[in-house]
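In the numbering used here, the protein residues as written are 35 to 195.
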Amino acid sequence: MSLRMRIVLGQGIGLALAIVLLWIPLSRSAPFMPLNTVLITAFLPGGLVALVMVGVLALRRLRDTDVITGGALRPGSPAEIDQRVLSNTVEQLVIALALWPFVALTLGGLVVIWMGVGFALARLVYWLGYHLSPLVKSAGFGAGFYPTVLATLWAVIQWAT
C-alpha cells in the first residue's frame, strides 16, 4: 500500500473514531454541568499529555550537547519529531480553547469532556505513530482533530436552527 493510501486510511479510521466518540455522549441524557467545571475537566487530559511531551522533549535536549548549548535539533531526530508533535498538539489545543466552550454550551458538557479524553488518547497515538507508522500517525491525528470539526459544525447547525 502506498504512503498516500496509508495516510488516507488512517484519516478514515480517525474519522470513524471521531463519530463514535461524539455519538456516545450525544446519545445519552446528561445532567447539567457548570461550564467552568466542564472546561477544566475537558482540558485537563490534553494539558497533561502536552506536559509529558514537554518533559520528554526536555530530556532529549538534555542528552544532546549541541542542542543544550543552543544548537538546532537534528532534522528527523527523535527530538525534532517530538518537537513537531508538541507544536501540532499546542495548535490543536488552541483551536479547542476557541471552539469547545461553544460546543459545550450548545451540545452539552458531557460531549466536551468525552472530546477531552479522546483528544488526549488520540494525541498519544499520533505521537507514537509519528515515530513508527504513517497510518497510525494519521489515525491519531484524525481521531484528535475530527471531533472538534464535527462537534463544532453540529453545534453551529443546532445553534442556527
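Note that beta-carbon positions come from the ideal geometry of N, C-alpha and C, so glycine has one too.
Given the structure is predicted, the values throughout are model-derived calculations rather than measurements.
Please state the DSSP three-state secondary structure of D116.
Helix.
Go to S172, then tell me how far its alpha helix (DSSP H) extends in each direction, as first and last residue.
Looking at the DSSP string, the run of the alpha helix (DSSP H) that includes S172 is 168 to 194.
Got a sec? Which residues, its chain only, sit under 7 angstroms from V151 by beta carbon, not counting five neighbours each side?
P79, listed in sequence order.
Quick check: the stretch 120 to 139 against the stretch 40 to 51, are at least 3 beta-carbon pairs closer than 8 angstroms?
Cβ pair count under 8 angstroms is below three, so no.
Counting along the chain, where does the alpha helix (DSSP H) carrying R40 start and finish?
R40 -> alpha helix (DSSP H) spans 37 to 60.
Return the CA-CA distance between L144 and R108, expressed in angstroms with no decimal places.
Cα-Cα distance, rounded: 42 angstroms.
Is the beta carbon of I41 closer than 7 angstroms to that of P181?
Cβ distance not < 7 angstroms, so P181 and I41 don't count as in contact.
Starting from F77, trace the alpha helix (DSSP H) in both directions and tell me its first and last residue.
Taken as a continuous stretch (DSSP letters only), the alpha helix (DSSP H) holding F77 covers 69 to 96.
Return the CA-CA distance between P112 and L166, expressed in angstroms with no decimal places.
For P112 and L166, the distance between alpha carbons rounds to 11 angstroms.
What is the residue span of the alpha helix (DSSP H) that T99 lies within?
Note, T99: alpha helix (DSSP H), 99 to 102.
By alpha-carbon positions, which one of L56, F175, S63 ends up nearest to L187?
Out of L56, F175, S63, L56 has the C-alpha closest to the C-alpha of L187.
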